[in-house]
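Going by the working numbering, the letters in the first sequence line up with residues 15 to 630, in that order. Note that CB positions come from ideal geometry on N, CA and C, so glycine has one too. Let me begin by presenting the structure, written as structure tokens, before commenting on it.
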Amino acid sequence: MNIISILQQAVVQAVEHLYNHQTEAEKVLVNATPPDFTGDYSVVVFPFVKLAGKAPDQVAAEIGKHVQDHVPQVHAHNVVKGFLNLEIDESYWTNFLDSVVDNQHFGEQPRNGQKVMVEFSSPNTNKPLHLGHIRNILLGWSCSRILDAAGFDVVKVQVINDRGVAICKSMVSWKKFGNGQTPENSGIKGDHLVGDYYVLFENKTKEEYEAWQQTNAAKIIFEEKHKDGQSEQAFFKEYKNKWFNDHSVLGAEVRETLLKWENGDPEVIALWKTMNQWVYSGFDKTYNDLGVSFDKLYYESETYLLGKDIVDEGLQKGVFYRKDDGSVWIDLTDAGHDHKVVLRADGTSVYITQDMGTSRIRYEEFQPSRMVYVVADEQNYHFTVLFETLKRLGEPYADGLYHLNYGLVELPTGRMKTREGTVVDADDLVEEVTRIATEQSSERGEIENFDPAEQQELMRIIGMGALKFFIIKVHPKKKMIFNPEESVDMQGQTGPYVQYSFVRINKLLQRAEIENIDLGLRHGYTGIQPQEKELLLALHQYPAVVREAAEAYDPSLIANFCYALAKAYHRFWHDVKIFQAESQEAKAFRLALSKSVGQVLDHGMNLLGIEMPSRM
RNA sequence: GGCUCCGUAGCUUAAUGGAUAGAGCAUCUGACUACGGAUCAGAAGGUUAGAGGUUCGAGUCCUCUCGGAGUCACCA
């Protein structure tokens, strides 16, 4: 059993014995003692002061004595301002080190037999992935890894939004202006090519709209429909969607294409398949660069009709109601929400209908006890409604649904906007961070004797380490300001800082190997140094951090832990002699400690999807 | 306007209701003449947006105010 639980229980017994009061072990607060005080762990005794009817210092002293008398691992205690500081015997720490040093799985929980499904990324197929997707993907991926480490069986899925107006725009645009261009004959990555035609479509539409605004038909509509005092410019800005649906030639072509697609028109389907295929091969490359993969893909083209049977059931159960026009609704006003449409008057699905349908087929296929949706917080309301609806329908999985919402990524100049061309492309970003890493590395010249392929791989690992860490270290809920320059920083609180500590350790262990040093000699070591203790305390914390990160779906906890551990290691490395240690035992102990730190850093960063370089 | 989230050093951020709010960047000083300086040490920088309240104890919980974001479509 780990020392914190032991101490908690000892305090429970002390309180019962001294004050005749029952309390729960989990409620006893045991923290790491702050560096300025003597001790390893501190117990907060304030909660017992009142029932003891004594001064805090006296209560702390009494509990301290009782704990020290009954817990062999505690060999001293002191009291400062009502805080009880306990010193743990060295043998506990040396035993602890034994349990870590060769344990590749340290920090993981036993398998719990439960399944979790994590949905993330879920792009549209009309344009390449961008910075926003990267945050989503990194969150989804690292949560998956963390949940796995916490004992769950994780199924990683994404929904490919491969149908609808957006892809039809790219198709129409390509057909009209593409002249048979392909990724092969143009050398342009498939998702970018399709995205280019999407942008072209938007530009052509804009041109068409501007020209149309000069026509008499437009003037008449403006005269008839504008609000009092509304300028022509403001009116037409608002009117754009309506225009696109009622007057635009390009708009008509898109609708026609969409209709043909729904009717299975062979030519349209063929083009759709071709262009989506281009996009998928592009996505594959990006996913590969990011080091992520999925267990199962859901294509919207195959799921967009789902959910209608659930609507029928909902009507029968009285959860839904039908309006005169035939549309179906749910009334959520008693939960502080609105009435929400779940089926259109023409009988077709809306977004939420599909989501009801897919959640059910997922449950039927995998029986996950939890389903996590990694989706930006602009969709909070949608998920609130979705989950509430599924609950009212009595779906068996409704209680295990979780929306992992995260803040949008903004640039220092504000929100990314397609129209203003400020969207940061994922592939560009990957290339950029690798380039910066290479630049920085060549200044140092550490790896110039490596062969080029190996160098490039290292540069990718370091560059991606910087980028990923920069994004993951921020709490998911927070809107994040992405400063491109800072994202490739490699000093301070960064991925490469953590990687560097690993590289240092790696180097030490290589040398230890060459010198054939017996790490077993560490058992003769006594007199643990503060810098060593700091590392042991940090390592000791790791399993709890993994558990917390899984419970809170919060990878930033792992990132911050890794940074703190790396920082403590750098300090240790600087202050304490390892190969020049005062004894063979000290040397072996420090090497074993270093090895453990390296192992845990590697494990933790791996949970974040960050690889460790052997040299840098 | 309703609902939700956010407000911590110049900037980016951390802190299960617990001790003196902890880091990094930027700024200024210093450090191994062999375990790699992508490191370490130090200085300076804070009324945790503001006001009340609960508590032995509040950045954290409650109320109000101010500021910012998102959302409130038979779009996805």
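The alpha helix (DSSP H) enclosing residue i, as first and last residue numbers
i, result
"HIS91", "Counting along the chain, HIS91 falls outside any alpha helix (DSSP H), though it belongs to the beta strand (DSSP E) covering 88–94."
"GLU11", "Because the chain is modelled from 15 through 630, residue 11 falls outside the range shown and cannot be assessed."
"ALA46", "Run containing ALA46: none in the alpha helix (DSSP H); it sits in the beta strand (DSSP E), 44–46."
"ASP260", "246–260"
"VAL517", "509–528"
"LYS183", "179–191"
"LEU535", "First-last for LEU535: undefined, no H or E at that position."
"LEU264", "263–276"
"VAL325", "322–331"
"GLU500", "498–501"
Host beta strand (DSSP E) of residue i (start-end)
i, result
"PHE483", "Premise fails: PHE483 lies in the alpha helix (DSSP H), 466–486, not in any beta strand (DSSP E)."
"SER56", "55–58"
"LYS170", "167–174"
"TYR335", "334–336"
"ASN99", "97–102"
"HIS206", "Per DSSP, HIS206 belongs to no beta strand (DSSP E); it is in the alpha helix (DSSP H), 204–227."
"HIS147", "Run containing HIS147: none in the beta strand (DSSP E); it sits in the alpha helix (DSSP H), 145–163."
"LEU311", "310–313"
"MET370", "It is not in any beta strand (DSSP E) - MET370 instead sits in the alpha helix (DSSP H) that spans 365–380."
"ASP345", "342–345"
"LEU415", "415–420"
"GLU198", "No beta strand (DSSP E) holds GLU198; the alpha helix (DSSP H) holding it covers 197–200."
Exposure label - residue i; buried when at least 16 CB within 10 Å
i, result
"ASN290", "buried"
"ASN520", "buried"
"ASN140", "buried"
"PRO544", "exposed"
"GLN118", "exposed"
"GLN330", "exposed"
"ALA164", "buried"
"LEU43", "exposed"
"GLY631", "The first residue shown for the chain is 15 and the last is 630, placing residue 631 beyond what the model contains."
"PHE60", "exposed"
"ALA231", "exposed"
"TYR395", "exposed"
"GLN368", "buried"
"GLY328", "buried"
Residue i, DSSP secondary structure in three states
i, result
"HIS240", "coil"
"ASP360", "coil"
"ALA390", "strand"
"ASP568", "coil"
"HIS84", "helix"
"MET15", "coil"
"HIS353", "strand"
"MET131", "strand"
"MET289", "helix"
"ILE234", "helix"
"MET619", "helix"
"GLU460", "coil"
"ASP439", "strand"
"ARG604", "helix"
Contact under 8 angstroms by Cβ, residue i with residue j
i, j, result
"LEU615", "ALA573", "no"
"MET504", "PRO498", "no"
"SER315", "ASP176", "yes"
"LEU443", "ILE461", "no"
"PHE380", "LYS129", "yes"
"LEU100", "ASP54", "yes"
"PRO557", "GLY127", "no"
"MET626", "PHE516", "yes"
"PHE215", "LEU264", "yes"
"ASP352", "LEU346", "yes"
"ALA24", "HIS84", "yes"
"LEU522", "SER628", "no"
"ILE375", "VAL399", "no"
"LYS183", "TYR223", "no"
"GLY78", "HIS89", "no"
> Are the stretch 238–252 and the stretch 141–157 in contact at 8 angstroms, needing three or more beta carbon pairs?
Replying inline: no
> Should the stretch 525–532 be called in touch with the stretch 25–41, which here means at least 3 C-beta pairs below 8 angstroms?
Replying inline: no
>> Across the stretch 193–209 and the stretch 423–432, are there enough close Cβ pairs to call them in contact, namely three or more that are closer than 8 angstroms?
In response: Output reads no: the stretch 423–432 does not touch the stretch 193–209.
>> Assess contact between the stretch 429–444 and the stretch 402–419, defined as three or more Cβ pairs (one per stretch) separated by less than 8 angstroms. Is contact present?
In response: Because the criterion of three Cβ pairs below 8 angstroms is not met, the stretch 429–444 and the stretch 402–419 do not touch.
>> Whether or not the stretch 320–334 and the stretch 343–360 are in contact is what I'm after, with contact meaning three or more pairs of Cβ atoms, one per stretch, closer than 8 angstroms; do they touch?
In response: yes
> Within the chosen definition, does the stretch 296–303 reach the stretch 280–288 through at least 3 CB pairs nearer than 8 angstroms?
Replying inline: No: the two stretches stay apart, fewer than three of their Cβ pairs being nearer than 8 angstroms.
> For the 8 angstroms Cβ check, are there 3 or more pairs between the stretch 176–188 and the stretch 591–601?
Replying inline: no
>> Count Cβ pairs between the stretch 108–118 and the stretch 447–465 that sit closer than 8 angstroms; are there 3 or more?
In response: no
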